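Reviewing the structure listed below.
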Amino acid sequence: MILNLPLLVALSGVGVTWASASNCLSGASFDTCCADRKSVGKGTVDGVVMNYACGTYAKDETLGYGAVTKGVATPKDCAGLCARDTLCQGGFWSSSGSKCYLLNTSGFKVLPSGGAFFQFKKTAEDPVDVDECKDRVESATSQCNAEKDKIKQDGAQALQKCQGDKDAALSQARSKCEEEKQAIRNENAQAADQASKQCEADKDQLRQQLAAAVSQYEKDKADLQQQLAQCQANVPAPPPVPAIDPICETNSWVNMCSSCPQDTFNIDGKEFKKKCGVRTVGAREEQWLWRSSLIQCLKECGARGDCLGVGWRAAEGVNGHCHAHISTGRGLRNVPNWNEHLIYVTDRVNFF
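Next up, the structure:
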């Protein structure tokens, strides 16, 4: 079999790296021949020509990964096991545990991973044709290198001539540029002098306009302040709002979520919010008994830095019973439950 060299050259630029002299099937270590996980190549093991690809593995829809052999030191050793097995069609080697996987079917899929895998597959090619192809590639490479050297030499000569032409043109352009810049400087100096005089005249006019505007502003400000004072004198002071509505405190276990109109409470400098019809989890519960009202429970909770809130059921008011939710370092979570309720400290709780 004779490979098409132009095709081989074209393939070298499509996103893969063809193996160099450090061919994995010639015994090179995996880290050397597969330093680039996209490297692909071809080699001969025990008289069998194989294609290989770094960073890929094989899997068959029926056989899975195939038969596995542990303790296979190198990719070449793994490929050798396949070469000596007439049923084997290909497989892959994994550096993890030095495992060799062999598949007795040619219809397996090749899957990229970028990991420490080495996949190989048998071909029907004659090893002699592969060596002939290698010689032709080396000859073409040598000829290509010679042509590249000639192109580099011609390019250096052209670059030297271009540099001389560029230096002469640049010197001429610099002289002309200096003349044009000096002419512009002279024009700018005249324009700057005229602009400075005009600017001073404009500033004087603006100062006069500003002084008149400031005077009008002060007059308008005084008028508005006088109107504000008159308006404030005519507004009656609002009646004081109790911190806690008496309805919320009386028979609080029942009324708090049935007739209490408040949702927010400010008790001893702490803000609490009410959530009715929820069961609360996420904290450790302490059972507090014989409290006179839920407000007493809230006062005790606010005084403790680790208390997140207070829960209750309406029927538990008989024993003055409330549930203190003590922080365990997490937030709180609510689930609907018509018979359970919560009042929590707003700046201590995050719900999840």
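Those letters in the sequence shown? Residues -19 to -1, 1 to 333, by mature numbering (1 follows the signal peptide of the UniProt record, and there is no 0).
Each residue gets a CB set at the ideal place from its N, CA and C atoms; glycine is no exception.
From a predicted model like this one, the values you see are computed outputs, not experimental measurements.
- Between residue 30 and residue 23, the C-beta spacing is below 8 Å.
- In the structure shown, residue 307 falls within a strand segment according to DSSP collapsed to helix, strand and coil.
- Residue ranges of uninterrupted alpha helix (DSSP H) with 4 or more members, entirely inside the stretch 225 to 291 and ordered along the chain, are 227 to 230, 233 to 236, 275 to 284.
- The C-beta of residue 4 has 16 or more other C-beta atoms within 10 Å across all chains shown, which makes the residue buried.
- Exposure of residue 213 is indicated by the presence of fewer than 16 other C-beta atoms within 10 angstroms of its C-beta.
- In this structure the stretch 59 to 67 lies against the stretch 79 to 90, because at least three pairs of beta carbons, one per stretch, are closer than 8 Å.
- Considering only 245, 261, 152, the residue with the shortest C-alpha distance to residue 255 is 245.
- Scanning the stretch 37 to 92 from its first residue to its last, the whole alpha helix (DSSP H) runs of 4-plus residues come out as 56 to 64.
- With respect to residue 237, residue 270 sits apart: the two C-beta atoms are not nearer than 8 Å.
- Rounded to the nearest whole angstrom, the C-alpha separation of residue 309 and residue 293 is 20 Å.
- Excluding sequence positions up to five before and after residue 26, its CB lies within less than 7 Å of the CB of 6, 57, 60, 61, 64, all in the same chain and listed in chain order.
- Only buried fits residue 321, as 16 or more other CB atoms lie within 10 angstroms of its CB.
- Out of 272, 288, 250, the CA that lies nearest to the CA of residue 265 is found in 288.
- With contacts defined as CB atoms closer than 8 Å, residue 48 and residue 100 fail to qualify as a contacting pair.
- In the DSSP assignment, residue 35 falls within the unbroken beta strand (DSSP E) covering 29 to 35.
- The C-alpha of residue 169 lies about 25 Å from the C-alpha of residue 153.
- Under the DSSP definition of a beta bridge, residue 18 lacks any partner.
- The Cβ atoms of residue 328 and residue 280 do not sit closer than 8 Å to each other.
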